[in-house]
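This report concerns only the one structure given below.
Chains as they are written, first to last, in the working numbering: chain A, 44 to 165; chain B, 668 to 1353.
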């Protein structure tokens, strides 16, 4: 059974690149366009093995989403990776404090994405 | 990547427009923090996306803009009229940067410089104490800049934070990752695990001591602990250069030191011991480097595939088909010569060239998986849009198919899936009412059947209402109300041009592309499409395709000494007829075994000189869902045809789909029977 990854980003092109890479690597991919949209997957029925989220998004940002996942009884133990840029050092700490497992620095190539995945998912 | 790039351009254009809008609103209401956040967010998206998709200039440029608005957001700077006007001209500039043609013009380049300088000036105005060029921050992920090393040995102490599970980290993955970058000796320390009464399964009590021998360098090790370095205890000590873990003296010493579960290695002590060993190790490394070379060699030998440009394969295919043709001619000549030695050579030659042909054919096949990946996404997105719950199941996606076929299949399959989701599968409420599971199912199956590939798309929706189809067909004048139709015939009506049963046109399946186009597209790649739909239980569409487009099983037929080839797959039956009977028949229809067949005398239709012989070959071919006769002088036999495209001048020829060169060097044209009939019938009947 392939593992399922939820990818949340308001940028369609990033979503596409990430889901394309992940699907090609054999994962199931769920897609959310922002934090609020992603919340619908946290229904206790959808199986999610990993969350990858952007931090800046309209409606509900990444930090809020990470906190919501950590407070959700069904999903609080799943690994969470967030997308960030090299210069956002404070943000990195804020996201980690909110409960994120790790991060992926933009820009990234598929190999880098998969190697980050490898740290948190088997 | 190009597709993603185009997508980004589209998206960035929207973002820039939104940015402009927000800036204009901000001009009126410059205290609105929502607006400022929105502006910052857009800039951030542009920066991240720009860097991802190769627009470095955009990324660098927006980096400066982002910094200013970050300050404003954090109330460290104020919005001034001047700042707004710089930002707005920056927005115009971003539009130019997005256009590849404009971005490299001297005006845009100089404009980029001027605006960037003005932005940096603004930044420095806002806060002098902070330096902004954070981009120069050292990067963690250096691309293996470290020089090639023979191997180093490290000691790693890794004690995860007790709360490490809470943020989804599994420390074992990290230990495992270390294992993947070199040779390891791992000691798990478990003595801190408490009695069961006090045991809290959400806490991590274990820690690890690891000896790692690796060629990847310190960076790679630090990289492993990247996510946990802030809250876990990690100490990495270099024991020394050399592959100590290969040295039995070193490992046995470590085993000796490991007397109890709670013992703790003294890195300094081990380092000293390692140094005393290093003279010996040096000698070993020489042996090892030979071994490494062997390892490297075998590693390279197991590479399972290489990528080759598809043009090269096309070219190869073309050359092989030339070879096969030449070989056939050679065989003919050798047989004529009666020279036994030559004939034997020719037979060998034939054997080898056949193998070569099969080999090149298999090369141009790709698994259908590649095409299916994007359907998963389509199903998901559409089911959300239509508020349906649909699971997409795929089977046999490893089935291989010619790459041109796979490409040509994408659109038709998308169309079928859209239909299933839009018209086929009911909404969740409807399904509940019908007693079906709430989740609809679409099954995609691919498999081989003989020399063909079958692709099935099956859904468990409401199926096709043949009563509705019949009613509509009468309305539209395809049939009259007295016509009796079997279920299958009724279903096949949906493939007729100009027929569509959708009550309302939706954005998804109502694009004016009907099932007839679908059928035509499949026919273009020499495929067939079949549909079955048990009422209320779902719809199943089967597409039957040839394995490849470059070889065709054909029948070689003759009119007036001119050879033609008819694809074997389109032939239904062959009977001999007397030409006089055919000529006497009324309205070009003849009854054979009680069934009436319309027919065409191709010698006349193609305006060939001369007359048919007395006995002619009446070849009955499949056309839409009827059978039609085509009349030829005689049949030469079955023939495996290597397809050759016609030249540029003949590309748009209606009834000829290609050509092939026969063994004796003659060119035979391949008749597309569907189009032959289309042409001569003027589509008078269906």
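In this text, a Cβ means the ideal position worked out from N, Cα and C, and glycines have one as well.
Since the model is a prediction, treat every value here as computed from it, not as a measurement.
- Query: For the segment 113-147 of chain A, which residues have a beta carbon sitting closer than 8 Å to at least one beta carbon of chain B?
  - Reply: 113, 119, 120, 121, 122, 123, 126, 128, 129, 130, 132, 136, 139, 142, 143, 144, 145 and 146
- Query: Can you tell which of 1184/B, 1134/B and 1203/B has its C-alpha closest to the C-alpha of residue 1103/B?
  - Reply: 1203/B
- Would you kindly work out how many angstroms separate the C-alpha atoms of residue 967/B and residue 974/B, rounded to a whole number? Below a pLDDT of 50, predicted positions are generally treated as unreliable, and residue 967/B, at 44, falls in that range; the measurement from the model is reported next regardless. Near 15 Å, if we compare the C-alpha coordinates of residue 974/B and residue 967/B.
- Work out the CA separation of residue 982/B and residue 715/B for me, nearest whole Å. 41 Å
- Task: With a 10 Å radius around its C-beta and 16 neighbouring C-beta atoms as the bar for buried, classify residue 50/A as buried or exposed.
- Result: buried
- Assigned exposure category for residue 1315/B - 16 Cβ within 10 Å defines buried: exposed
- Exposure label - residue 703/B; buried when at least 16 CB within 10 Å: buried
- DSSP-derived helix/strand/coil call for residue 858/B: DSSP places residue 858/B in coil when its eight states are reduced to three.
- Beta-carbon contacts of residue 72/A that lie in its chain and below 7 Å, excluding the five residues immediately before and after: 48, 50, 62, 65 and 66
- Task: Over the uninterrupted alpha helix (DSSP H) stretch that includes residue 1093/B, give me the two end residues.
- Result: No alpha helix (DSSP H) holds residue 1093/B; DSSP gives it neither H nor E.
- Query: When the Cα atoms are used, what is the spatial distance from residue 771/B to residue 151/A?
  - Reply: 25 Å
- Using a Cβ-Cβ cut-off of 8 Å, state whether residue 1050/B counts as contacting chain A. no
- Message: Could you give the first and the last residue of the continuous beta strand (DSSP E) run that contains residue 1240/B?
- Response: 1238-1245
- Message: Let me confirm a value: residue 782/B is counted as buried when at least 16 other C-beta atoms fall within 10 Å, else exposed. Which label applies?
- Response: buried
- Message: Please report the straight-line C-alpha distance between residue 149/A and residue 674/B, rounded to a whole angstrom.
- Response: 17 Å
- Message: Check this for me: beta carbons of residue 1326/B and residue 1338/B, under 8 Å apart or not?
- Response: no
- Query: Using the beta-carbon count (16 or more within 10 Å), is residue 1007/B buried or exposed?
  - Reply: exposed
- Among residues of its own chain, excluding the 5 on either side of residue 1039/B, which ones have a beta-carbon nearer than 6 Å to its beta-carbon? 1061 and 1064
- Task: Name, in chain order, the residues that DSSP records as bridge partners for residue 1328/B.
- Result: DSSP lists 1334/B as the beta-bridge partner residues of residue 1328/B.
- Message: If the cut-off is 8 Å on Cβ atoms, which residues from the segment 1068-1092 of chain B count as contacting chain A, listed in chain order?
- Response: none
- Task: Leaving out five residues on either side along the sequence, give the residues of the same chain with a beta carbon under 6 Å from the beta carbon of residue 1124/B.
- Result: 1083, 1111 and 1208
- Query: Using 8 Å as the limit for Cβ to Cβ distance, is residue 867/B near chain D?
  - Reply: Checking the listed chains, one finds no chain D in this structure; the protein chains it contains are A and B.
- Item | Whole-number beta carbon distance between residue 764/B and residue 725/B, since they are thought to touch under 8 Å | 5 Å
- Item | Euclidean distance between Cα positions of residue 823/B and residue 905/B | 9 Å
- Query: Which chain B residues are close to residue 53/A, counting only those with a beta carbon under 9 Å from its beta carbon?
  - Reply: 708 and 712
- Query: Would you say residue 900/B faces chain A, with C-beta separation under 8 Å as the test?
  - Reply: no
- Should residue 1027/B go down as buried or exposed, given a rule of 16 or more other Cβ atoms within 10 Å for buried? In summary, residue 1027/B is buried, with 16 or more beta-carbon neighbours lying within 10 Å of its beta-carbon over all protein chains present.
- In terms of alpha-carbon separation, which member of 697/B, 1066/B and 1223/B lies closest to residue 744/B? 697/B
- Message: Taking CB distances under 8 Å as the criterion, tell me whether residue 715/B reaches chain A.
- Response: yes
- Item | Exposure of residue 121/A, with buried meaning 16 or more beta-carbon neighbours within 10 Å | buried
- Listing by chain order, which chain A residues have their CB less than 8 Å from the CB of residue 836/B? 122, 144, 145 and 163
- Message: Out of 1189/B, 1300/B, 1132/B and 1213/B, which one is the CA nearest neighbour of residue 1199/B?
- Response: 1132/B
- Contacts that residue 844/B makes with chain A (C-beta to C-beta distance below 8 Å): 161 and 162
- Query: Counting contacts by CB-CB distance shorter than 8 Å, is residue 811/B in contact with chain A?
  - Reply: In this prediction, residue 811/B scores a pLDDT of 39, lower than 50, which makes its location untrustworthy; no coordinate-derived value is stated.
- Looking at the structure shown, is residue 1079/B part of a helix, part of a strand, or coil, going by DSSP? helix
- beta strand (DSSP E) segment containing residue 1197/B, residue limits: 1195-1199
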